[in-house]
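Keeping their order, the protein sequence lines are chains A and B. Last residue of the first sequence? That's 284 in my numbering, and every number before it is there in order. Last residue of the second sequence? That's 255 in my numbering, and every number before it is there in order. Glycine is no exception: its CB is placed at the ideal position from the N, C-alpha and C atoms. Report on the following structure.
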Amino acid sequence: MTQAATERRVGWGLVAPALIWTVAFFVVPFAAMLALSFARMEGRAVVAAFDLGNYVRFFTEWPLFKALLNSLEITAVVTVVSVALAYPLAAIIAFRVPVRWQRLALLLAVLPFWTSYVVRSYSWLLVLGQNGVLNKTLLGVGLIAEPLEIAATRTATVIGFVHFFVMLLTLTIYANLVQLSPNYARAARDLGAGPVQVFRFVILPLTLPGVVTGAFVTFVLCMGDYITPQILGGNNELTLPQLIMLQLGRSGNFPLASALSVILMAVITLAYVLSARWLRLDRV
Amino acid sequence: MKRLVWVYLCAAYAFIFLPVIVLVVFSFQDGRLPVPPFQGVSLQWYAKVLGDRDLMAALFNSALMAAVSSAVALTLGFLAAHGLARSVLPGSVWLRGLLIAPMTVSYLIIALGLLTVFNQTGVRLSLWTAGVGHVVINLPLCFAICYAAMGDHQKAAERAARDLGASEVQVLWLVSAPMLAPALLAAFFLSVTFSWDEFIIAFLLTRFEVTLPVEIWSMLRSGLSPATNAVGSLVFLVSVVAVVLAEVFVFRRRA
């Protein structure tokens, strides 16, 4: 056997375990789910078929399609609000906080990341609930007469999500801002640009790829999350993941759950294609 | 303008810390509900939580699964990265893409796919079926970190070892792994973090031996309780200590 052939055989041997694992537990399950999405439910039994019924149901039954719209609306609001809040925070830490304190400031800004994910949503429930800290405080100082109904609404879901993604985006945007050479801003100022112009025409365009990447990650994680809407939003307005879990739990309708998952996957893929121009996934 | 900047900074930190502060404060509540008014300091909920056998079992399960699934993911990822870095394989771009692919898919979808397969093949759900799922989500991460860390310098050292008669196993164990130690450590640490806190895969793919996030989830269903605050605060404390230690001993030294 030649040297190159031996090399290649060893190479394959090293890659094989990971490859087999990925095919067996990722590719095959995904294919199985895709196949199942074309199956039919007869009573409580799953009947294998090639049936577009589940997809037709999704596009024709309003409560199902509404779940996708709810998810998209929530995700859009969360993404925009999180970027809008995180950008100034990252900029203040990068440009106003003294360099020797920046690492600490950043560490503090993401500290609540380290609470458990389930617990973080629960904590917001304690803040926003009918008898929660927010209502008790506002009632106490007399700003409101009746407790606000925030828990179990879309607002609560959005607040919970924004809290998480502000931390994530502050981290990514900060990383982008400190990479910029101060010479760009200096040059713009020398040429007569005011602070607003420096930001609008120099800083913002240079950090845009990082912002879009962060926004994309926000979109993917937000679209696919079950915990936050379930704990904070309740069951009034279902998101797509909540609807999927409902199909699995109450009715055991695996084919419909599979079809909904395929649709979720398609939406995320579409978002990727649309934002691919600006994405720098290798530079997160 | 200058004052506005500091007001914004303080407001942002207040927003970020609000839920954590509420969580920790009301874990000491001397009463049955973790909402105002605060009725006094008590450690009863911590005592209750630490004496809860289900919760401690879940804690142990989480730690075990995080350690084992991360070790498997790291081993597979490291070997694959080594294989792809050292020899030119046909279609290696596609191979890399395939190995990274699970990173771009929602955990819910990965869990549902595995559940479908386990149901169809009659595999009984257990801690290990969820562990399989955790390897799937962490393998791309470990692979990507190891692959990015392998440079020409490393390849030269490996070639030298081979020329001097080292077997492939010796090259891996005595040259590659020690040279990549920081990357391997980082990958393992990240995997453990993700696996430890992961909910949806653990929820759908376990049945009786649940993990900590799933156990906390079932605590939530019986309503608000300072016991949940106590668990949450403990998990937070442990994580923060781990992060601070990592910061001081691993990252500070390099900087």
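query	result
For A/M41, which beta-bridge partners are listed by DSSP?	A/V46
Can you give me the Cβ contacts of B/P34 inside the same chain, cut-off strictly under 6 Å, excluding the 5 residues immediately before and after it?	F26, L224, P226 and N229
Alpha helix (DSSP H) containing A/N236: first to last residue?	That residue, A/N236, is in no alpha helix (DSSP H); it is neither H nor E in DSSP.
Check this for me: beta carbons of B/G40 and A/V119, under 8 Å apart or not?	no
Rounded to a whole number of angstroms, what is the C-alpha to C-alpha distance between B/V117 and B/R207?	16 Å
Looking at the structure shown, is B/Q39 part of a helix, part of a strand, or coil, going by DSSP?	coil
Would you identify the three-state DSSP class for A/R283, choosing helix, strand or coil?	Any reading at A/R283 needs caution, since the residue's pLDDT is 45, under 50, leaving its predicted position unreliable; the model's value is listed next. A/R283: helix per DSSP, three-state reduction.
Quick one: what's got a C-beta closer than 6 Å to B/N61's C-beta in the same chain, skipping five residues either side?	L127, E209 and T211
Go ahead and label B/W94 buried or exposed: buried means 16 or more other beta carbons lie within 10 angstroms of its beta carbon, across all protein chains shown.	exposed
Is the distance from the Cβ of A/A156 to the Cβ of A/L232 below 8 Å?	yes
Per the contact definition of three or more C-beta pairs closer than 8 Å, is the segment 134-151 of chain B in contact with the segment 72-86 of chain B?	yes
Contact criterion: CB-CB distance below 8 Å. Does B/V135 meet it with respect to chain A?	yes
Against B/G232, what residues of chain A qualify as contacts under a CB-to-CB distance less than 9 Å, listed in chain order?	T115, S116, V118, V119, R120, Y122 and S123
Any residues in the segment 99-114 of chain B with a beta carbon nearer than 8 Å to a beta carbon of chain A? Which ones, in chain order?	L99, A101, P102, T104, V105, S106, Y107, L108, I109, I110, L112, G113 and L114
Roughly how many angstroms lie between the CA atoms of B/T236 and B/V243, to the nearest whole one?	Inspection of the sequence shows that residue 236 of chain B is occupied by Phe rather than by Thr. Taking the straight line joining both Cα atoms gives about 10 Å.
What does the alpha-carbon distance come out to for the pair B/A67 and B/W196?	9 Å
Name the DSSP beta bridge partners of B/Q29, please?	B/V41
Is DSSP giving A/Q130 helix, strand or coil here?	coil
What are the residues in the segment 234-245 of chain B lying within 7 Å of chain A by C-beta distance?	V235, F236, S239, V240 and V243
Could you check which residue in A/A109, A/A16 and A/A49 has the C-alpha nearest to that of B/F15?	A/A109
Comparing C-alpha positions only, which one of A/R250, A/P255, A/A271 and A/A16 sits nearest to B/G83?	A/A16
With a cut-off of 8 Å on the beta carbons, I'd call A/L111 and B/V240 a contact; round off their distance for me.	7 Å
In or out: A/T6 buried (at least 16 other Cβ within 10 Å) or exposed?	exposed
Count Cβ pairs between the segment 105-117 of chain B and the segment 44-57 of chain B that sit closer than 8 Å; are there 3 or more?	no
Measure the beta-carbon distance from A/G296 to A/P241 and round it to whole angstroms, keeping in mind my assumption that it falls under 8 Å.	Lying outside 1 to 284, the shown extent of chain A, residue 296 of chain A is not represented and no answer is given.
Tell me, to the nearest whole angstrom, how far the beta carbon of A/V83 is from that of A/V211; I am working on the premise that it is less than 8 Å.	6 Å
Using a 10 Å radius around the Cβ and a threshold of 16 neighbouring Cβ atoms, would you call B/H134 buried or exposed?	buried
On a CA-only basis, which of B/L4, B/F199 and B/K155 is nearest B/V88? Give me that one, please.	B/K155
CA-CA distance, A/Q102 and A/L89?	12 Å
For B/R96, count neighbouring Cβ atoms within 10 angstroms of its own Cβ and tell me buried if that reaches 16, exposed if not.	buried
Please classify B/L18: does DSSP put it in a helix, a strand, or coil?	helix
Of all Cβ atoms in chain B, is any one closer than 8 Å to the Cβ of A/R8?	yes
Just by C-beta distance, which residues in the segment 167-178 of chain A are closer than 7 Å to chain B?	M167
Going straight from the alpha carbon of A/T2 to that of B/L174, what length do you get?	26 Å
Expressed to the nearest angstrom, what Euclidean distance is found between the alpha-carbon atoms of B/G31 and A/Y55?	50 Å
Taking all protein chains shown into account, do 16 or more other C-beta atoms lie within 10 angstroms of the C-beta of B/L114, making it buried, or fewer, making it exposed?	buried
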